[in-house]
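Report on the following structure.
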Amino acid sequence: MNPNTPKSPSFDAPQGSSAATRFFALVPCAGSGARAETAQPKQYQLVFGVPMVAHTLRALSAVERLAGGILVVAPDDTFEWPANAEWPDHWSRQACGGATRAHSVYNGLLALRAQGAGDTDWVLVHDAARCLITPEMVNALIDACEGDAVGGLLALPLPDTLKLESHGRVESTVAREGKWLAQTPQMFRLGALLKALQSQIASDFQGVTDEASAMEMAGHHPLLVKGNAMNFKVTYRQDFELVEAVLKSRHTGDDLNTQGIKK
Ligand code: CTP
Ligand code: MG
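Just so it is clear: in the sequence shown, position 196 is 1007 by the numbering used here, and no numbers are missing.
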């Protein structure tokens, strides 16, 4: 299926009351990438011949337990998915992105539900800009969270000493014990996450910088699942160099070339 002529896949309702819950991916891809200062939004910047987000989708679509996914792009997004970048089965592209990441995720959840995902299904929200995610990292999150009442997120214990700044100088050193850097995917039940986000609409999603923060505001305590520093978010222009170095180290010989990564 080509996302440029989208035909939303509809996910069949699970059969019977004992039907297993399913796992879906939701990838917010509607940002402008201002800090990366690239000519086009960073998620479409070419990395080994294909847009960065194609690397993200390739990794997610290799996770067998994911029943499908949704890529949330901006309503005015005119990016044409290139022919050399594989579009995964059971994925749709929805132009329902919003003004902030939280808006984009909220709209994407509604779209996912309209396609047949149920309130008890799990949704794994993953940034388009974290293109070094691997199926192993996603599976580790699912393994840790699928039996949990709330769900959780990949995160990293803070590795460096943390400084509090005041006017360009160090005010004090903040104890790093117990502090984690949040990554994605973040995995919650569709109904619970939708409800948590819904209750922040009135405040225009103030302070909702990830899914876990919305769940926290709703009184939940998401599970912290130790991730991997390789799963960083491409934010600045120089991050692309690191992405290319890591991808090169993962792919050898002719499976990596300027036409993209071959299977
Ligand atoms: N995102 C989104 N909708 C928005 C803003 C961000 O879907 N209104 C997505 C981005 O496309 C990205 C992810 O959320 O995949 C993480 O956001 P971030 O890294 O901050 O990307 P941008 O907002 O695009 O970058 P910047 O903040 O530098 O402008
Ligand atoms: Mg942003």
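The beta-carbon is built from N, C-alpha and C at its ideal position, and this holds for glycine as well.
Here the alpha carbon of Cys907 sits roughly 19 Å from the alpha carbon of Phe822. According to DSSP, Phe999 shares a beta bridge with Val934 and Gly962. Beta-bridge partners assigned by DSSP to Trp898: none are found. Following the DSSP letters along the chain, one finds Thr984 in no alpha helix (DSSP H) but inside the beta strand (DSSP E) bounded by residues Arg980 to Val985.
Between Gln856 and Ile881, the C-beta spacing is not below 8 Å. Arg924 has its alpha-carbon roughly 12 Å from the corresponding atom of Gly879. Scanning the region 1022-1059 from its first residue to its last, the whole alpha helix (DSSP H) runs of 4-plus residues come out as 1022-1028. When the five nearest sequence neighbours on each side are left out, the beta carbons in the same chain lying within less than 7 Å of the beta carbon of Ala1040 are those of Leu967, in order along the chain.
For ligand 2, the residues with a Cβ under 7 Å from any of its heavy atoms are, in chain order, Gly842 and Arg912.
Relative to the Cα of Ala1013, the nearest Cα in the group Ser977, Ile944 and His914 belongs to His914.
Ser915 has its Cβ nearer than 7 Å to a heavy atom of ligand 1. Judged by DSSP secondary structure, Pro946 falls outside any beta strand (DSSP E) and instead within the alpha helix (DSSP H) spanning Pro946 to Cys956. Its Cα nearest to that of Val1045, the residue Ala939 stands out among Ala939, Ala885, Lys1037 and Val949. The nearest non-hydrogen atom of ligand 1 is less than 7 Å from the C-beta of Asp938. In the DSSP annotation of this structure, the continuous segment of the alpha helix (DSSP H) that includes Gly919 starts and ends at Arg912 to Ala925.
Take His1032, set aside five residues on each side of it, and the residues of its chain with a beta-carbon closer than 7 Å to its own are Val961, in chain order. Val858 and Gln994 have their C-alpha atoms spaced approximately 21 Å apart. For Leu992, same chain residues with a beta-carbon under 7 Å away, outside a window of 5 residues either side, are Ala966, Leu967 and Leu969 in chain order. No heavy atom of ligand 1 is found nearer than 7 Å to the CB of Val981. Here Ala873 is not near Pro820, since their CB atoms are 8 Å or more apart. Here the C-alpha atom of Arg876 lies approximately 16 Å from the C-alpha atom of Leu1001. The C-beta separation of Cys942 from Val1054 comes to about 6 Å, placing the pair in contact by the 8 Å criterion. In chain order, Ala939 and Cys942 place their CB closer than 6 Å to the CB of Thr867, counting only its own chain and leaving out the 5 sequence neighbours on each side. If one requires a minimum length of 3 residues, the beta strand (DSSP E) runs lying completely within the region 861-894 are 877-883, in chain order.
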